[in-house]
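Asks: Residue 140 in the numbering used here is what sits at position 108 of the sequence shown, and the numbering runs on without skipping anything.
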Amino acid sequence: MFKIIKRGKKSSKGEVVEPPIPSSLPNASVDHASRIATSVVASQHVTLANATPDPSVVEVLPLLKEVALSERHVLFIRKLQICCVQFDFADTVKCARQKEIKRQTLAELIDLVQSSSCKMNEIMQEELVRMISLNLFRCLPPASHENTGSEGIDEEDDMYLDPSWPHLQLVYELLLRYVMSSEMDTKIAKRYLDHSFVLKLLDLFDSEDPREREYLKTILHRIYGKFMVHRPFIRNGINNVFYRFIFETERHNGIGELLEILGSVINGFALPMKEEHKLFLVRALIPLHKPKCVSVYHHQLSYCIAQFVEKDYRLADIVIRGLLKYWPVTNCGKEVLFLNELEEILEGTQPAEFQRCLVPLFKQLGRSINSPHFQSSPLYVCAMIELCQLKGGIELSNMLQKCQVGLSGKRLKLYGASKIKFTWYHDFDVFLECLEGVMQCSVIVAERALFLWNNEHIVDLIAQNRRAILPIIFEPLERNMYGHWNQAVHGLTSNVRRMFLEMDSELFEECEKDYNERAAGAICLVEQRELAWKKLEEAAALVK
33 MFKIIKRGKK SSKGEVVEPP IPSSLPNASV DHASRIATSV VASQHVTLAN ATPDPSVVEV
93 LPLLKEVALS ERHVLFIRKL QICCVQFDFA DTVKCARQKE IKRQTLAELI DLVQSSSCKM
153 NEIMQEELVR MISLNLFRCL PPASHENTGS EGIDEEDDMY LDPSWPHLQL VYELLLRYVM
213 SSEMDTKIAK RYLDHSFVLK LLDLFDSEDP REREYLKTIL HRIYGKFMVH RPFIRNGINN
273 VFYRFIFETE RHNGIGELLE ILGSVINGFA LPMKEEHKLF LVRALIPLHK PKCVSVYHHQ
333 LSYCIAQFVE KDYRLADIVI RGLLKYWPVT NCGKEVLFLN ELEEILEGTQ PAEFQRCLVP
393 LFKQLGRSIN SPHFQSSPLY VCAMIELCQL KGGIELSNML QKCQVGLSGK RLKLYGASKI
453 KFTWYHDFDV FLECLEGVMQ CSVIVAERAL FLWNNEHIVD LIAQNRRAIL PIIFEPLERN
513 MYGHWNQAVH GLTSNVRRMF LEMDSELFEE CEKDYNERAA GAICLVEQRE LAWKKLEEAA
573 ALVK
């Protein structure tokens with residue numbers, strides 16, 4: 033039942049704009065040439081359902097605030113109909129006048145919704161959402177990797193900017209203001225911002241334009257907060273995006289934005305945590321460490337993981353074992369990211385959970401401590417290319433492989449490395465000296481692993497479990513002392529050894545004795561093997 037309000041010159045805030053009684057007359061097109069046309073349209077019930085968008089109907093209409101209250105409904109619907117017309121924004125000249133009219137109409141609708149000068153009835157909300165859907169839900173252009181043939185997401189790729197963004201931004205802003213409006217009745221709005229609408233929004237997160245993804249992130253977060261009935265569906269929809277990304281495509285542009293939404297969602301989880309939330313951690317978040325392009329969204333991912341551990345410290349064991357499952361073997365940059373995340377998780381780990389996972393954890397840390405790899409900077413790569421040019425006979429790819437520099441050809445192109453000429457290096461020895469200085473600026477995997485012993489909480493956990501940890505980690509420490517190529521790693525290793533010695537000198541001596549015995553046994557095995565081969569060679573010489 034609608035409340036009947038007498039028409040006046042000005043409407044107060046919160047007034048309901050009444051739809052007129054439907055008429056059997058055909059729809060009429062509105063032209064700004066005459067204000068009389070407005071009164072004609074006012075006697076008809078115009079909807080987008082029976083209107084076909086046509087560029088010819090994009091005409092200038094009077095402003096909503098300039099017409100009588102009883103006529104605003106029809107004019108509002110007519111403006112929505114104009115906004116449904118699609119244009120080719122790649123061609124800036126074609127239909128320029130119509131595009132400008134549509135832009136001004138969208139801007140007027142944004143002001144109307146934002147100011148809450150009138151409360152939209154159900155018909156107006158339905159047509160508004162339909163117009164927004166027609167403009168936003170579209171086929172995205174081919175991804176850059178489909179055109180270039182690259183294998184995955186590269187964080188150094190040139191940023192793609194959609195030519196239609198000035199138009200799309202207004203539509204997104206209108207949707208955002210509608211969702212944020214205090215005048216919006218969620219009971220009515222949820223009929224149109226339904227599950228199908230949410231799924232289509234999630235599909236748009238694969239857009240390559242970061243501006244569009246930023247709007248989508250804000251809008252979906254607002255919908256999640258305002259429509260409690262949609263919350264489980266939104267979480268399941270995000271899960272499905274993650275599953276397809278992890279196990280099928282390994283290509284998606286909006287993983288970081290979706291994780292930002294989840295970071296806020298996880299922060300609001302009630303305790304005790306539901307089983308479905310724990311399953312989400314195990315089945316979706318932890319496997320997100322697997323893709324090669326994890327560095328693109330790792331910051332947001334590590335925040336979500338840390339939120340789970342802060343909410344329930346008992347999940348630390350599950351998270352650490354999950355990290356170890358997907359621990360990189362040859363990607364040094366990715367390994368440094370894992371070590372950073374591991375330190376953050378260990379800071380929230382309690383002794384009981386630490387004891388459950390310390391054996392596999394410190395076996396992996398032992399391998400990281402002995403790692404000869406380093407994550408190089410772009411300057412170092414450029415220097416290596418110049419070195420190859422100076423040497424002349426050395427293939428660039430072979431040299432980069434020997435130096436453990438795992439950078440894609442696309443990134444090398446970005447840095448302009450293929451065209452760099454260090455003309456001031458006339459002296460080859462001077463160049464090598466500069467190269468050594470750049471090399472020392474690299475982030476070494478072993479160095480990052482040893483930095484864990486600078487964290488007081490982690491050192492306390494290690495001290496409490498030193499009898500189980502030192503026998504595992506002692507051999508990698510000794511190998512570093514006598515075999516690692518980097519001086520900084522030598523110094524850090526010496527500090528860690530001294531730390532263990534101060535914790536428990538007797539245990540340290542026992543481990544040292546066992547290590548020396550194993551080392552002597554290994555030397556004996558080598559000597560026996562060499563002697564056996566020597567005897568075989570002598571026997572073969574006698575046969576000849």
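Where a beta carbon is used, it is the ideal one built from N, C-alpha and C, also for glycine. Only a predicted model underlies this, so the values are computations on that prediction, with no experimental measurement involved.
(1) Which value, in whole angstroms, describes the spacing of the CA atoms of L568 and L574?
(2) Does the segment 324-344 touch the segment 291-306, meaning 3 or more C-beta pairs lie closer than 8 Å?
(3) Comparing alpha-carbon positions, which option in E507, Q382, L313, R499 lies nearest Q396?
(4) Just list the residues that DSSP pairs K131 with in beta bridges.
(5) Considering N527, what are the terminal residues of the alpha helix (DSSP H) in which it resides?
(6) Put K395 into one of helix, strand or coil per three-state DSSP.
(7) Contact check, L371 vs A481 under 8 Å by CB: the rounded distance?
(8) Helix, strand or coil: how does DSSP classify L557 here?
(9) Measure the beta-carbon distance from L369 to V326 and round it to whole angstroms, keeping in mind my assumption that it falls under 8 Å.
(10) Check whether the segment 109-123 touches the segment 156-176, counting contact only when three or more Cβ pairs, one atom from each stretch, lie closer than 8 Å.
(11) What residues in its chain sit with their C-beta under 6 Å from that of S196, if we drop five residues either side in the sequence?
(12) Leaving out five residues on either side along the sequence, give the residues of the same chain with a beta carbon under 7 Å from the beta carbon of P383.
(13) For I220, which residues from the same chain have a beta carbon less than 7 Å from its beta carbon, with the 5 sequence-adjacent residues on both sides left out?
(14) If you count every other CB in all the chains shown that lies within 10 Å of the CB of G523, and 16 or more means buried, which is it?
(15) Check whether chain C comes within 8 Å of D241, counting only Cβ atoms and requiring the distance to be less than that.
(16) Please classify A122: does DSSP put it in a helix, a strand, or coil?
(17) Could you say if the segment 133-151 and the segment 222-230 meet the contact criterion of at least three C-beta pairs nearer than 8 Å?
(18) Compute the Euclidean distance between the alpha carbons of N527 and L484, then round it to the nearest angstrom.
(19) How would you write the range of the alpha helix (DSSP H) that Y247 sits in, first residue to last?
(20) In three-state terms, what does DSSP make of L156?
(21) Going by beta carbon distance, what residues of the same chain come within less than 8 Å of M531, once the five residues before and after it are set aside?
(22) Please classify I133 as buried or exposed, where buried requires at least 16 neighbouring CB atoms within 10 angstroms.
(23) Would you please state the rounded distance, in angstroms, between the beta carbons of R511 and L539? I believe it to be under 8 Å.
(24) Taking all protein chains shown into account, decide if S71 is buried (16 or more other Cβ within 10 angstroms of its Cβ) or exposed.
(25) Can you name the start and end residues of the alpha helix (DSSP H) that R104 belongs to?
(26) Consult DSSP for H516 and reduce its assignment to one of helix, strand or coil.
(27) I'd like the list of long-range same chain contacts for L202, defined as Cβ closer than 8 Å, with 5 residues on each side in sequence excluded.
(28) Is it right to say M152 is buried, meaning 16 or more other beta carbons lie within 10 angstroms of its own, or is it exposed?
(29) Would S537 be called buried (16 or more neighbouring beta carbons within 10 Å of its own) or exposed?
(30) With 16 other CB atoms within 10 Å as the buried threshold, where does V314 fall?
(31) For A380, which three-state DSSP category applies?
(32) Have a look at E282 and R162 and give me their C-alpha separation to the nearest angstrom.
(33) Nearest CA to the CA of E534: which residue from N402, G515, L502?
(34) Could you pull out every residue in the same chain whose Cβ sits closer than 6 Å to the Cβ of D344, ignoring the five residues on either side in sequence?
(35) Measuring CA to CA, which of S239, L208, F279 is closest to R254?
Replies: Taking the geometry as given:
(1) For this step, residue 568 is matched to residue 536 along the sequence shown. For this step, residue 574 is matched to residue 542 along the sequence shown. If you take the alpha carbons of L568 and L574, they lie about 10 Å apart.
(2) yes
(3) By 1-based counting over the sequence shown, the position of residue 396 is 364. When each option's Cα is compared against that of Q396, the closest is E507.
(4) Residue 131 sits at position 99 when you count from the first residue of the sequence shown. Paired residues: none, contrary to the question.
(5) Within the sequence shown, numbered from 1, the residue matching residue 527 stands at position 495. Element bounds for N527: 519-535.
(6) Translated into positions along the sequence shown, residue 395 becomes position 363. Here K395 sits in helix by DSSP.
(7) In the sequence shown, residue 371 corresponds to position 339, counting from 1. In the sequence shown, residue 481 corresponds to position 449, counting from 1. A Cβ-Cβ separation of about 6 Å places L371 in contact with A481 under the 8 Å criterion.
(8) The count along the sequence shown starts at 1 and reaches residue 557 at position 525. If DSSP states are grouped into helix, strand and coil, L557 belongs with the helices.
(9) Within the sequence shown, residue 369 is the residue found at index 337, counting from 1. Within the sequence shown, residue 326 is the residue found at index 294, counting from 1. 7 Å between Cβ atoms; contact.
(10) yes
(11) In the sequence shown, the residue the question calls residue 196 occupies position 164. The answer, listed in chain order, is F121.
(12) Within the sequence shown, the letter at position 351 stands for residue 383. For P383, where only same-chain residues beyond five positions count, the Cβ hits under 7 Å are L493, Q496.
(13) Position 188 of the sequence shown, counted from the start, is the residue given in the question as residue 220. Excluding residues within five positions, the ones whose Cβ falls inside 7 Å are E154, Q157.
(14) Start at 1 with the first residue of the sequence shown, and residue 523 comes out as number 491. Counting Cβ neighbours within 10 Å, G523 comes out exposed, since fewer than 16 surround it.
(15) This model lacks chain C altogether; it includes just one protein chain.
(16) The residue you call residue 122 lines up with position 90 of the sequence shown. Coil.
(17) In short, these stretches do not touch, since the Cβ pair count stays below three.
(18) The residue given as residue 527 occupies position 495 in the sequence shown. The residue given as residue 484 occupies position 452 in the sequence shown. Distance between the alpha carbons of N527 and L484: 12 Å.
(19) Looking up residue 247 in the sequence shown gives position 215. Where Y247 is concerned, the enclosing alpha helix (DSSP H) starts and stops at 242-258.
(20) The sequence position of residue 156 within the sequence shown is 124, counting from 1. For the sequence presented, residue 156 should be read as Met rather than Leu. Three-state result, M156: helix.
(21) Looking up residue 531 in the sequence shown gives position 499. Contacts found: W485, V491.
(22) The residue labelled residue 133 in the question sits at position 101 within the sequence shown. That one is buried.
(23) Taking the first residue of the sequence shown as position 1, residue 511 is located at position 479. Taking the first residue of the sequence shown as position 1, residue 539 is located at position 507. About 19 Å; that fails the 8 Å criterion.
(24) Stepping through the sequence shown from its first residue, residue 71 is reached at position 39. Annotation note: pLDDT 38 at S71 (below 50); position unreliable, coordinate value reported separately. S71 comes out exposed.
(25) What you label residue 104 is simply residue 72 of the sequence shown in a count that begins at 1. First-last of the alpha helix (DSSP H) with R104: 104-115.
(26) Position 484 of the sequence shown, counted from the start, is the residue given in the question as residue 516. Three-state DSSP puts H516 in coil, outside helix and strand.
(27) Here residue 202 refers to the residue found at position 170 when the sequence shown is read from its first residue. Within its own chain, the residues whose Cβ lies closer than 8 Å to the Cβ of L202, once the five positions on either side in sequence are excluded, are R135, L138, A139, I142, listed in chain order.
(28) Walking along the sequence shown from the start, residue 152 turns up at place 120. Classification of M152: buried, given that the 10 Å Cβ count is 16 or more.
(29) Indexing the sequence shown from 1 puts residue 537 at position 505. Classification for S537: exposed.
(30) As a working mapping, residue 314 is identified with position 282 in the sequence shown. When all chains shown are included, V314 counts as exposed.
(31) Here residue 380 refers to the residue found at position 348 when the sequence shown is read from its first residue. Reading off the sequence shown, one finds Gly at residue 380, where the question assumed Ala. DSSP places G380 in coil when its eight states are reduced to three.
(32) In the sequence shown, residue 282 corresponds to position 250, counting from 1. In the sequence shown, residue 162 corresponds to position 130, counting from 1. Taking the straight line joining both Cα atoms gives about 33 Å.
(33) Residue numbering aside, residue 534 sits at position 502 when the sequence shown is read from its first letter. Ranking N402, G515, L502 by Cα distance to E534 puts L502 first.
(34) By one-based count along the sequence shown, residue 344 stands at place 312. Answer for D344: M305, listed in chain order.
(35) Here residue 254 refers to the residue found at position 222 when the sequence shown is read from its first residue. Residue L208 is the option with its Cα nearest to R254.
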